[in-house]
Amino acid sequence: MADTAKPLAVVTGASSGIGFELAKLCAESGFNLIIAADMPEIEQAAEALRSTGVTVEPLLTDLATRQGVEQLHALIGGRNVDYLLANAGHGLGRAFLDQDFDEIEHVIDTNITGTVYLIQLVTREMRARGEGKLLITGSIAGFMPGSFSAVYNGTKAFINSFSFALRNELKDSGVTVTCLMPGATDTDFFERADEVDTKVGAEEKDLAYDVARDGFDAMMAGKGDLVSGLYNKMTTAMASVTPAGMAAEQHRKLAEPGTDKNAT
Ligand SMILES: NC(=O)c1ccc[n+]([C@@H]2O[C@H](COP(=O)([O-])OP(=O)(O)OC[C@H]3O[C@@H](n4cnc5c(N)ncnc54)[C@H](OP(=O)(O)O)[C@@H]3O)[C@@H](O)[C@H]2O)c1
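With this note's numbering applied, the sequence shown covers 1 to 264.
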């Protein structure tokens, strides 16, 4: 039986990578957990997280669907959510015209539609209580046109912008919104996005734990946004002053299939 005295955190995309590390940081801080993902590995993740002594409720569901988001909201079942970590997301590499539209739609529905639907359902309740903290996983990819990852980068541009706007809307509500913007991070992301044979997919990356630590600390401090890592901060600063055409060409050199041969 959950110890309701403990805060409750909801973490999406917690079966692996950044989301699993975020869930672990929540558990180590004594928060009970509801975790969700769309592969059976979510059960093993729950087992591993239970070793910290908190209650962990896993949900296997596709958060790209309204039903999946409503299933998660039903599992919350009116309990007070103290922390919502909206992290689930995935990419899609290759040329846009060569991509399968079902896969394109699933990226948009996971990274945008499902994410904002869950945020609306849970944050309305936080606003009514006048307290709560959100961490939304955006990306530095949102700052540059994503040649050979065009739809994915577009979804992260949406999520970054949406997070900043929601934070402003809620500024006097007691609810804080933090946008975590990682750079290339060593997780299953590149395999799932079919980007292993790219320069960015082949090169050294940040550690998921370090990125999660940065995001968790920023959420707890109620910060607005955080680009994780100095190199990524410089990359976003450059991207904000680079003409779009030049930025798109630079992204091509990172993400075009076969550029793994240029990896350093
Ligand atoms: N890795 C990077 O370089 C990088 C950089 C910037 C931002 N990000 C963002 O960081 C977040 C976490 O990604 P990651 O790098 O940690 O990759 P990851 O290891 O592949 O983790 C992605 C998580 O999201 C879940 N997920 C994806 N689509 C879902 C859906 N439709 N319904 C439910 N769960 C879903 C996955 O569950 P299953 O495994 O069960 O499918 C997994 O738990 C994503 O939003 C990603 O866009 C990653």
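Virtual Cβ for every residue (Gly too), placed ideally from N, Cα, C.
In this structure, Phe162 sits away from Leu25, with a CB-CB distance that is not shorter than 7 Å.
The continuous alpha helix (DSSP H) containing Asn232 extends over residues 230-239. Taking Tyr209 as the centre and dropping the five residues before and after it, the same chain places the C-beta of Glu21 closer than 6 Å to its C-beta, in chain order.
Not one heavy atom of ligand 1 falls within 6 Å of the beta-carbon of Leu59. Closer than 6 Å to some heavy atom of ligand 1: that does not describe the Cβ of Ile104. Across the structure, Asp102 and Gln71 are spaced so that their CA atoms are roughly 22 Å apart. Under the DSSP assignment, Lys133 falls in the beta strand (DSSP E) whose first and last residues are 132-137.
In the DSSP secondary-structure assignment, Tyr83 is bridged to Ala9, Lys133. Glu191: not part of any beta strand (DSSP E); member of the alpha helix (DSSP H) spanning 189-192, first to last residue. Boundaries for Ala184: no alpha helix (DSSP H) harbours it, and the DSSP string shows neither H nor E there. Around the Cβ of Ala74, a 10 Å sphere holds fewer than 16 other Cβ atoms; the residue is exposed. Relative to Lys133, the option among Ala165, Glu125, Thr176 whose CA is nearest is Thr176.
Around the beta carbon of Asn160, 16 or more other beta carbons sit within 10 angstroms, so the residue counts as buried.
A distance of 7 Å or more separates the beta carbons of Met126 and Ala239. The beta carbon of Arg192 sits closer than 6 Å to at least one heavy atom of ligand 1. Bridge pairing for Pro257: absent [DSSP].
For Gly13, the shortest C-beta to heavy atom distance toward ligand 1 is below 6 Å.
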